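Numbering (this note's numbering), first residue to last: 571 to 852.
Ideal Cβ placement from N, Cα and C applies to all residues, glycine included.
Computed from a prediction, not measured in an experiment: that's the story for all the values here.
Everything on this sheet refers to the single structure shown next.
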Amino acid sequence: MKDFIYLVQGKAELMKNYLHLSENPNADVIFLTYDQPIETVINQAIEESIFFPKSTWAEGRNKLLEMALNKGEYLYYIFCDDDIKFIKGSWETFEKQLLQYKPAIAVPINRKTFQTPLKGMKSQCFLTNDEQLMAFHQDVVKDFILLPYQNQFDSIYWWISCEIQEVLIQNFYCSDIIQFNNIFISNDSGENYVRPESESDHKMLYQLVDDWLSDQFLSKYKHMPYPKRIFILVRTFSYYFHRLIANPKYSVSVNKLKELLSTDSELYKQTINLREKFTHLK
571 MKDFIYLVQG
581 KAELMKNYLH
591 LSENPNADVI
601 FLTYDQPIET
611 VINQAIEESI
621 FFPKSTWAEG
631 RNKLLEMALN
641 KGEYLYYIFC
651 DDDIKFIKGS
661 WETFEKQLLQ
671 YKPAIAVPIN
681 RKTFQTPLKG
691 MKSQCFLTND
701 EQLMAFHQDV
711 VKDFILLPYQ
721 NQFDSIYWWI
731 SCEIQEVLIQ
741 NFYCSDIIQF
751 NNIFISNDSG
761 ENYVRPESES
771 DHKMLYQLVD
781 DWLSDQFLSK
791 YKHMPYPKRI
801 FILVRTFSYY
811 FHRLIANPKY
821 SVSVNKLKEL
831 LSTDSELYKQ
841 TINLREKFTH
851 LK
């Protein structure tokens, strides 16, 4: 089993910036483009790619996930947008630290989270994240709680699938997620996605997310805590303490699901159905 599979999605022209990932003997790569087939702009053999015209961001990631699961097992499934630029660190550093820390989920710092690192800490748990570059441990992937993305709201606003996932991360894996403070990425994309235009639009979107999540959980779900130092320190201490006494295991049992989720909920049913479909991965 290889340690990594990179799942890269975006414009065909930008895929050339990621071709070097396929040279890694410990990684596989799948490319997904939405504007034109990758072969039309890149004059070299691509081992695995898919053209998914006019797909939304979440649809693209879900298709990549499906292809990766059908391809085989990996320790980490790494989702990438097409506009990643390393300001500090590198792909090699990211991989090295994944194997060193073995978190449930890992992210670098980017413009959304650049104010969150605690001084003197090479890594820490995070309370919020961006989806531009994310690595998911195989246990998390095979739990089918965070993935696939909830894309039923894409016609309203693409951001909703990200917000739902961020909340689920904090409810199921909050003490096992790591932000690498020595890796900082930016993006060069000028992509203009549909965004809420007013405060009332923002409130409507947050209400949509809250309503959907409230329907999934048996009791009130945990909101993402305000990013205070004490929350991060406590969770980071817990993360390192647990690694002193045991090898990391992140799988969420069916009994745990039943403690948190309504068995009539969309998320519970989806999770159970996908676990049954992909039993060969267990």
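For Glu733, which residues in the same chain have their Cβ closer than 7 Å to its Cβ, ignoring the five residues on either side in sequence? On the sequence shown, residue 733 is found 163 positions in, with the first residue counted as 1. Contacts found: Val779.
Q: For Val599, collect the residues of the same chain with a Cβ closer than 6 Å to its Cβ; drop the 5 residues on either side in sequence, then sort them by chain order.
A: Counting from 1 along the sequence shown, the entry for residue 599 is found at position 29. Closer than 6 Å at the Cβ level, and outside the excluded window around Val599, lie Tyr576, Leu591, Ser592.
Beta-carbon separation of Ile755 and Ile654 under 8 Å? Translated into the one-based positions of the sequence shown, residue 755 becomes position 185. Translated into the one-based positions of the sequence shown, residue 654 becomes position 84. Yes; because the gap between Cβ atoms is below 8 Å, this pair is in contact.
Practice prompt. Pair every Cβ in the segment 625-636 with every Cβ in the segment 714-723, then say whether three or more of these pairs are closer than 8 Å.
Written response: With the cut-off at 8 Å, the segment 625-636 and the segment 714-723 touch.
Measuring only the C-alpha atoms, how far is Phe696 from Glu829?
The sequence position of residue 696 within the sequence shown is 126, counting from 1. The sequence position of residue 829 within the sequence shown is 259, counting from 1. CA-CA distance, Phe696 to Glu829, rounds to 24 Å.
For this session: Taking only the alpha-carbon atoms, compute the straight-line gap between Leu584 and Asn825 and give it to the nearest angstrom.
Result: The residue given as residue 584 occupies position 14 in the sequence shown. The residue given as residue 825 occupies position 255 in the sequence shown. So the alpha carbons of these two residues sit roughly 44 Å apart.
- May I ask you to report which of helix, strand or coil DSSP gives Ala676? One-based indexing of the sequence shown puts residue 676 at position 106. For Ala676, the three-state secondary structure derived from DSSP is strand.
Restricting to Cα atoms, I'd like to know which of His793, Asp573, Ile753, Lys847 is closest to Phe684. On the sequence shown, residue 684 is found 114 positions in, with the first residue counted as 1. Minimum Cα distance to Phe684 is reached at Ile753.
>> I'd like the ranges of any beta strand (DSSP E) spanning at least 3 consecutive residues and lying wholly in the segment 717-770.
In response: Complete beta strand (DSSP E) runs here, min 3: 747-757.
Exercise. With a cut-off of 8 Å on the beta carbons, I'd call Phe574 and Tyr644 a contact; round off their distance for me.
Key: Translated into the one-based positions of the sequence shown, residue 574 becomes position 4. Translated into the one-based positions of the sequence shown, residue 644 becomes position 74. That pair is a contact at about 6 Å.
**Asked** Out of Pro595, Asp605, Trp729, which has the shortest C-alpha to C-alpha gap to Lys581?
**Response** Counting from 1 along the sequence shown, the entry for residue 581 is found at position 11. Among Pro595, Asp605, Trp729, the Cα nearest to that of Lys581 is on Asp605.
Between Leu668 and Ile730, which are expected to be in contact by the criterion C-beta below 8 Å, what is the C-beta distance as a whole number of angstroms? On the sequence shown, residue 668 is found 98 positions in, with the first residue counted as 1. On the sequence shown, residue 730 is found 160 positions in, with the first residue counted as 1. The pair is not a contact, with the Cβ atoms about 28 Å apart (cut-off 8 Å).
* How many Å lie between Leu814 and Ile726 at the Cα? -> Along the sequence shown, read from residue 1 onward, the residue named residue 814 stands at position 244. Along the sequence shown, read from residue 1 onward, the residue named residue 726 stands at position 156. Cα to Cα, the separation comes out at about 45 Å.
Discussion item. Below 8 Å on the Cβ atoms is my contact criterion, and I expect Leu716 with Leu688 to pass it. Report the Cβ-Cβ distance as a whole number of Å.
Written reply: Taking the first residue of the sequence shown as 1, we reach residue 716 at position 146. Taking the first residue of the sequence shown as 1, we reach residue 688 at position 118. Contact flag wrong, Cβ pair sits at about 25 Å.
- Message: Measuring only the C-alpha atoms, how far is Leu703 from Ile648?
- Response: Taking the first residue of the sequence shown as 1, we reach residue 703 at position 133. Taking the first residue of the sequence shown as 1, we reach residue 648 at position 78. One C-alpha to the other measures close to 7 Å.
**Request:** Please say whether Ala705 and Ile675 have beta carbons closer to each other than 8 Å?
**Result:** Taking the first residue of the sequence shown as 1, we reach residue 675 at position 105. Taking the first residue of the sequence shown as 1, we reach residue 705 at position 135. Cβ distance < 8 Å, so Ile675 and Ala705 count as in contact.
Practice problem: Assuming Ser664 and Leu844 form a contact by the criterion Cβ under 8 Å, report the distance between their Cβ atoms to the nearest whole angstrom. | Solution: Counted from its first residue, the sequence shown places residue 664 at position 94. Counted from its first residue, the sequence shown places residue 844 at position 274. Note that residue 664 is Phe in the sequence shown, not Ser. Actually they do not touch by this definition, with Cβ atoms about 27 Å apart.
Of the residues Pro595, Lys586, Asn594, which one's Cα is nearest the Cα of Gln614? On the sequence shown, position 44 is the one that residue 614 refers to. Of the listed residues, the one whose Cα sits closest to Gln614 is Lys586.
According to DSSP, is Val611 helix, strand or coil? In the sequence shown, counting from the first residue as 1, residue 611 sits at position 41. Coil.
Residue burial classification, Ser768 (beta-carbon count within 10 angstroms, cutoff 16): Your numbering for residue 768 matches position 198 in the sequence shown. By the neighbour-count rule (16 or more Cβ atoms within 10 Å), Ser768 is not buried but exposed.
* In the DSSP assignment, what are the bridge partners of Thr603? -> Along the sequence shown, read from residue 1 onward, the residue named residue 603 stands at position 33. In the DSSP output, where bridge partners are listed per residue, Thr603 has Gly580, Phe621.
Q) Which of the three DSSP states, helix, strand or coil, is assigned to Ile648? A) On the sequence shown, position 78 is the one that residue 648 refers to. Ile648: strand per DSSP, three-state reduction.
Check your understanding: In or out: Gln777 buried (at least 16 other Cβ within 10 Å) or exposed?
Key -> Along the sequence shown, one-based indexing puts residue 777 at 207. Here Gln777 is exposed, its C-beta having fewer than 16 other C-beta atoms within 10 Å.
Helix, strand or coil at Ala597 according to DSSP, with G and I counted as helix = Locating residue 597 in the sequence shown gives position 27, where the first residue counts as 1. Of the three classes helix, strand and coil, the one that applies to Ala597 here is strand, per DSSP.
Next on the checklist: Could you check if Ile620 belongs to the surroundings of the ligand MG, using beta carbon to heavy atom distance under 7 Å?
Outcome noted: Among the ligands in the structure shown, none appear at all, so the ligand MG cannot be discussed.
Going by C-alpha distance, which of Gln840, Phe742, Ser835 is nearest Thr793?
Here residue 793 refers to the residue found at position 223 when the sequence shown is read from its first residue. Before going further, note that residue 793 is His rather than Thr in the sequence given. For His793, the nearest C-alpha among the options comes from Phe742.
| query | Among all the DSSP beta bridges, which residues are the ones paired with Ala705? | reply | As a position in the sequence shown, residue 705 is number 135, starting the count at 1. Ala705 is bridged to Ile648, Ala676.
For this session: Enumerate in chain order the residues of its own chain whose CB-to-CB distance from Tyr671 is below 7 Å, with the five nearest sequence positions on each side excluded.
Result: The residue labelled residue 671 in the question sits at position 101 within the sequence shown. Apart from sequence neighbours up to five positions away, the residues of its chain that approach Tyr671 with a beta-carbon distance below 7 Å are Ser693, Ile748, ordered along the chain.
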